Amino acid sequence: MRARVFPDYEAMSEAAAALVVLRLREKPSTVFMLPTGTTPLGMYRRLVEMYRAGQVSFAGATFFNLDEYLGLVPDHPASYHVYMKEHFYGLIDADPARTFVPDGSAPDPAAECERYEAAMREAGGIEVCVLGIGRNGHIGFNEPGASFLSRTRVVRLSESTRNVNAADFEENRAPQRALTVGMATIFESREVLLLASGTNKARTVAASVEGEISESVPASMLKGHPNAELFLDEDAASDLGSGVAG
Ligand code: PGA
């Protein structure tokens, strides 16, 4: 896993957007996996700007999101459906027929996970997977201990994740469970780009990059991936040893 360190969040976001646009220019029908959270907001902002400037079209691409809270209807303000609509899909020319977010309100969540996994397979698999990383090293909602063999499934969120995300919910109570694309599915992506920003990610970034590959640090799985890159700002890179190229 190569790490690239950028001077600040804006530079990291700009580079992430540039990579997405490059892949689209190479292949307009690229199949992407996309994250939510605060980290990718700068990348989405930049992509929307480029779209508005007529520099890129997303109309031929396919998008899958990584995860969704279990029990939230798609128009719940804290749902990732709404997040994606407000920050990206609703602002660009993405084709709604090729834009997928797991349905947290599906009557049979296990069947919804199977359907989602099958949709990714039918699309030919993920070509470019963009990820954030949780303070505990999670990717998607694959919390520490998630099997590297896991597929899209219902998971229980860790207390730390629920606390970090609590502010999005009434009475500060985040849902206890979520649907997430699995570790094996992420690993099978042809290319992975993990984004991390801020000092509160520095420890988990260092553990992921410099520690053992272990299910207790989900992002460490990417060390075994043939084509994974980590884009960091200087704060997120601040616990790394000197072996990382700038
Ligand atoms: P964040 O979340 O970008 O809001 O820090 C990342 C994650 O939990 O994957």
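In the numbering used here, each number is its position in the sequence shown, counted from 1, plus 824.
Ideal placement from N, C-alpha and C gives every residue a C-beta, glycine not left out.
All of these numbers come straight from a predicted model, not from anything done at the bench.
TODO: Please name the residue, chosen from A883, R1001 and I957, that lies closest to R977 on a Cα-to-Cα basis.
DONE: Here residue 977 refers to the residue found at position 153 of the sequence shown. Answer by Cα proximity: R1001.
Open item on the list: Can you tell me whether N1024 is buried or exposed? The criterion is at least 16 other CB atoms within 10 Å of its CB, across all chains shown.
Closed with: Your numbering for residue 1024 matches position 200 in the sequence shown. Counting Cβ neighbours within 10 Å, N1024 comes out exposed, since fewer than 16 surround it.
Task: Beta bridge counterpart(s) of V952 as assigned by DSSP - done: Indexing the sequence shown from 1 puts residue 952 at position 128. BP columns for V952 point to F856 and E1015.
- [ ] For E967, count neighbouring C-beta atoms within 10 Å of its own C-beta (all shown protein chains included) and say buried if the count is 16 or more, exposed if not.
- [x] One-based indexing of the sequence shown puts residue 967 at position 143. Taking a 10 Å sphere around the C-beta of E967, we find 16 or more other C-beta atoms and assign the residue as buried.
TODO: Could you please go through the chain and list the residues whose beta-carbon is closer than 5 angstroms to any non-hydrogen atom of the ligand PGA?
DONE: Those residues are G861, T862, T863, G956 and G958, given in chain order.
Task: Contact set for P1042: own chain, Cβ-Cβ below 6 angstroms, skip 5 residues either direction - done: Taking the sequence shown and counting its residues from 1, one reaches residue 1042 at position 218. Result list for P1042: G961, H962, I963, N966 and A970, in chain order.
Open item on the list: At 4 residues or longer, what runs of the alpha helix (DSSP H) sit wholly inside the region 835 to 921?
Closed with: The region 835 to 921 contains, as complete alpha helix (DSSP H) runs of 4+ residues, the segments 865 to 876 and 904 to 911 (chain order).
Task: I986 - containing alpha helix (DSSP H), residue span - done: Here residue 986 refers to the residue found at position 162 when the sequence shown is read from its first residue. According to the sequence provided, residue 986 is Arg. The question's Ile does not apply to it. Per DSSP, R986 belongs to the alpha helix (DSSP H) from E983 to N989.
Task: Rounded C-alpha distance that separates L1072 from I1010 - done: Here the chain has residues from 825 to 1070 only, and residue 1072 is not among them.
Task: Inter-residue spacing [alpha-carbon to alpha-carbon] between R876 and A835 - done: Residue 876 sits at position 52 when you count from the first residue of the sequence shown. Residue 835 sits at position 11 when you count from the first residue of the sequence shown. Their Cα atoms are separated by approximately 20 angstroms.
Open item on the list: Let's see if you can read the secondary structure: which residues bound the beta strand (DSSP E) around R959?
Closed with: Looking up residue 959 in the sequence shown gives position 135. Counting along the chain, R959 falls outside any beta strand (DSSP E), and DSSP gives it neither H nor E.
Task: For M944, the nearest candidate out of M908, D1059 and M857 (CA to CA) - done: As a first step, residue 944 must be located in the sequence shown, where it is residue number 120. Comparing Cα-Cα distances from M944 to each of M908, D1059 and M857, the minimum goes to M857.
- [ ] Return helix, strand or coil for A1069, following the three-state DSSP convention.
- [x] The residue given as residue 1069 occupies position 245 in the sequence shown. Caution is warranted here: a pLDDT of 47 is assigned to A1069, below 50, making its placement in the model unreliable, and the coordinate value is therefore given only provisionally. A1069 falls in the coil class under three-state DSSP.
Task: V1029 beta carbon near the ligand ADP (any heavy atom closer than 6 angstroms) - done: The ligand content of the structure shown is limited to the ligand PGA, which means the ligand ADP is not among them.
- [ ] Would you mind giving the Cβ-Cβ distance between T854 and E946, rounded to the nearest angstrom? I have them listed as a contact below 8 angstroms.
- [x] Along the sequence shown, one-based indexing puts residue 854 at 30. Along the sequence shown, one-based indexing puts residue 946 at 122. Contact between T854 and E946 does not hold, since their C-beta atoms are separated by about 16 angstroms, which reaches or exceeds 8 angstroms.
Task: A942 beta carbon less than 7 angstroms from that of L973 - done: Start at 1 with the first residue of the sequence shown, and residue 973 comes out as number 149. Start at 1 with the first residue of the sequence shown, and residue 942 comes out as number 118. No. Outside cutoff.
TODO: Report, in whole angstroms, the separation of the C-beta atoms of A1052 and S1021, which I expect to be a contact under 8 angstroms.
DONE: Along the sequence shown, read from residue 1 onward, the residue named residue 1052 stands at position 228. Along the sequence shown, read from residue 1 onward, the residue named residue 1021 stands at position 197. No, A1052 and S1021 are not in contact; Cβ-Cβ is about 18 angstroms, not under 8 angstroms.
Task: Cα-Cα separation between M825 and S984, rounded to whole angstroms - done: Here residue 825 is taken as the residue at index 1 of the sequence shown, counted from 1. Here residue 984 is taken as the residue at index 160 of the sequence shown, counted from 1. Answer to the nearest angstrom: the Cα atoms are 26 angstroms apart.
TODO: State buried or exposed for V897, treating a residue as buried only when at least 16 other CB atoms are found within 10 Å of its CB.
DONE: Residue mapping note: residue 897 aligns to position 73 of the sequence shown, counting from 1. With fewer than 16 other Cβ atoms within 10 Å, it is exposed.
Task: Separation of L865 from D1057, as counted between CA atoms - done: Walking along the sequence shown from the start, residue 1057 turns up at place 233. Walking along the sequence shown from the start, residue 865 turns up at place 41. CA-to-CA, the gap between D1057 and L865 works out to about 14 angstroms.
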